[in-house]
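Each remark here refers to the structure printed beneath this line.
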Amino acid sequence: MEIGKIVGTVVATRKDEKLEGMRFQLVKYVDTNGKPTGGLVIAVDSVGAGVGEIVLVARGSSARLTKLTDGKPVDAVIMAIVDILEIDGEKKYVK
Amino acid sequence: MEIGKIVGTVVATRKDEKLEGMRFQLVKYVDTNGKPTGGLVIAVDSVGAGVGEIVLVARGSSARLTKLTDGKPVDAVIMAIVDILEIDGEKKYVK
Amino acid sequence: MEIGKIVGTVVATRKDEKLEGMRFQLVKYVDTNGKPTGGLVIAVDSVGAGVGEIVLVARGSSARLTKLTDGKPVDAVIMAIVDILEIDGEKKYVK
Amino acid sequence: MEIGKIVGTVVATRKDEKLEGMRFQLVKYVDTNGKPTGGLVIAVDSVGAGVGEIVLVARGSSARLTKLTDGKPVDAVIMAIVDILEIDGEKKYVK
Amino acid sequence: MEIGKIVGTVVATRKDEKLEGMRFQLVKYVDTNGKPTGGLVIAVDSVGAGVGEIVLVARGSSARLTKLTDGKPVDAVIMAIVDILEIDGEKKYVK
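Those sequence lines, one after another, are chains R, P, G, W and D. Quick note on this note's numbering: the first sequence kicks off at 129 and runs consecutively. Quick note on this note's numbering: the second sequence kicks off at 129 and runs consecutively. Quick note on this note's numbering: the third sequence kicks off at 129 and runs consecutively. Quick note on this note's numbering: the fourth sequence kicks off at 129 and runs consecutively. Quick note on this note's numbering: the fifth sequence kicks off at 129 and runs consecutively.
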């Protein structure tokens, strides 16, 4: 999975019929210091995450393995909200 | 998903037989300011999007999860047209 | 899909038994001006394309969705030959 | 697979229900000298690896082919712990 | 597929039980001149390739389509040994 920060949302009225009711979040990938790496992904939110939260994003076919995304044309899903990021025994991020 | 802008079309007469009748759009990936990042993808259009529109593109096996692309040798599909892109409470893009 | 130009061929006598008789083409990815981007892929040819032609390449599991590649250990297939590349109303490439 | 070093852990209380009880490890990709390349991945640990160990990470649908990850929305799994890395006849790394 | 050169091997005693007996090769991606591009992958060898050989590597789910790797948590397989690399009519590499 990739680690990122939700920075915004995408509104899309015209979309594949299977995508009705889905929330698309704009996620910027971050490094272990929480600094954006330049990468960007639009992910479906399956855990009720909000703008500003640090999250884990699963890509590819694995993004369809949640109840919400099963069988849908999406390739990125937020499947966890990060509480603590610990590196070399140091808590780099605490929610 | 990736966010991009449709900048053109690709005509391909000779192609896999399963691809008859499909429209291939040329999409340039953009950042949150709508500026091209340098990335490029040829995607099948499943939502009737046109040149100039900002769209979402699903890649990989997920690109085959629309009615149009089911079972076809395509790895990129336009599955939504972006209306609003909102970042940090600011509408960065409105269609 | 990615857009690229066929620049050569790869001969491989010793290979997985399912790959007997397949042609491997060497494809350099190009930008919208037909200029190489630095990317390179070895793709199975499913449409009879030849050296010098501009083609579309599907990657991943989608590369196995042609008759030729079904069930085979290949992750890239040439599934279309480009005739016209049109950007902003201008024909950038005509075969 | 990619080769990397486990540098930390991620705690995520709120996550997809299928992910209960899973350990998420923070892995930095390394080159053949064990030097970080800049890449980062959060992977599920299926072999009992710990911080500081050099491991192999499988990505994509293959990450779901362990008992632990079967059917789960994860796209990266640690499936081996590296004992020896030998290049050009020289042991570059010994655990 | 990607083209690369086998430069070494990885020994991993502790690994997923499905991986018993597999050989992991360290492959450096090369360009059309055989020069390393900086990319690196650990691949399962399904064709009896050895250190120093130029090979083709299939990634993702396609890496599981050989007898050896079927159903296993691996995302990269060596499925061919390159004999000749011909570009613009010139043999750039002959084994």
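Positions of the beta carbon are idealized from the N, C-alpha and C atoms, including for glycine.
- The C-beta distance from I206(G) to S174(G) rounds to 6 angstroms, short enough to fall under 8 angstroms.
- Residues of chain W with a Cβ closer than 9 angstroms to the Cβ of S189(D) are, in chain order, G188, S189 and S190.
- Counting C-beta pairs with one atom in each stretch, the region 140-152 of chain R and the region 144-157 of chain P have fewer than three that are closer than 8 angstroms, which means they do not touch.
- Rounded to whole angstroms, the gap between the alpha carbons of V183(D) and V222(D) is 12 angstroms.
- When the beta-carbon positions are compared, I215(W) and V135(D) come within less than 8 angstroms of each other.
- With a threshold of 8 angstroms between beta carbons, I209(G) makes no contact with chain D.
- Using a 10 angstroms sphere on the CB of P164(P), the tally of other CB atoms stays under 16, which defines it as exposed.
- DSSP, reduced to helix, strand and coil, places A140(R) outside both helices and strands of the structure shown, so it counts as coil.
- Between A171(G) and V158(G), the CB-CB gap reaches or exceeds 8 angstroms.
- C-alpha of I131(G) to C-alpha of L193(G): approximately 18 angstroms in a straight line.
- Interface annotation, L168(D): not in contact with chain G, CB-CB separation never under 8 angstroms.
- Boundaries of the beta strand (DSSP E) harbouring M207(R): A204 to I209, taken from the DSSP string.
- A distance of 8 angstroms or more separates the beta carbons of L196(D) and T160(D).
- Contact between S190(P) and V202(R) is confirmed by a C-beta separation of about 6 angstroms, below the 8 angstroms threshold.
- Pairing G188(W) with G188(D) gives a Cβ-Cβ distance under 8 angstroms.
- For V169(W), the uninterrupted beta strand (DSSP E) run begins and ends at P164 to D173, by DSSP.
- K219(R) counts as exposed, since fewer than 16 other beta carbons sit within 10 angstroms of its beta carbon.
- When Cβ-Cβ separations below 8 angstroms define contact, E145(D) makes no contact with chain G.
- CA-CA distance, K200(P) to K156(W), rounds to 36 angstroms.
- If you draw a straight line from the Cα of E181(D) to the Cα of G217(D), it is about 22 angstroms long.
- In the three-state reduction of the DSSP assignment, L193(G) falls in the coil class.
- Taking a Cβ-Cβ cut-off of 7 angstroms, the neighbours of D216(R) in chain W comprise V135 and G136, given in sequence order.
- Beyond the five residues adjoining it in sequence on each side, L168(G) comes within less than 8 angstroms, by CB distance, of L154, V155, K156 and Y157 in the same chain, given in chain order.
- Within chain P, the residues I209 and D211 have their CB atoms less than 8 angstroms from the CB of T141(R), given in chain order.
- The Cβ-Cβ distance between A140(P) and D211(G) falls below 8 angstroms.
- Under the three-state reduction of DSSP output, K156(W) falls in the strand class.
- Contacts with chain P at 8 angstroms (Cβ-Cβ) include L154(R).
- It is roughly 38 angstroms from the alpha-carbon of M129(R) to the alpha-carbon of G176(G).
- Collapsing the DSSP output to three states places G188(P) in a helix.
- Under the 8 angstroms criterion on CB atoms, D173(G) is classed as non-interfacial with respect to chain P.
- In the DSSP assignment, K220(G) falls within the beta strand (DSSP E) that extends over E218 to V222.
- DSSP, reduced to helix, strand and coil, places K200(D) outside both helices and strands of the structure shown, so it counts as coil.
- Taking 8 angstroms as the threshold, the shortest C-beta distance from V185(R) to chain P does not fall below it.
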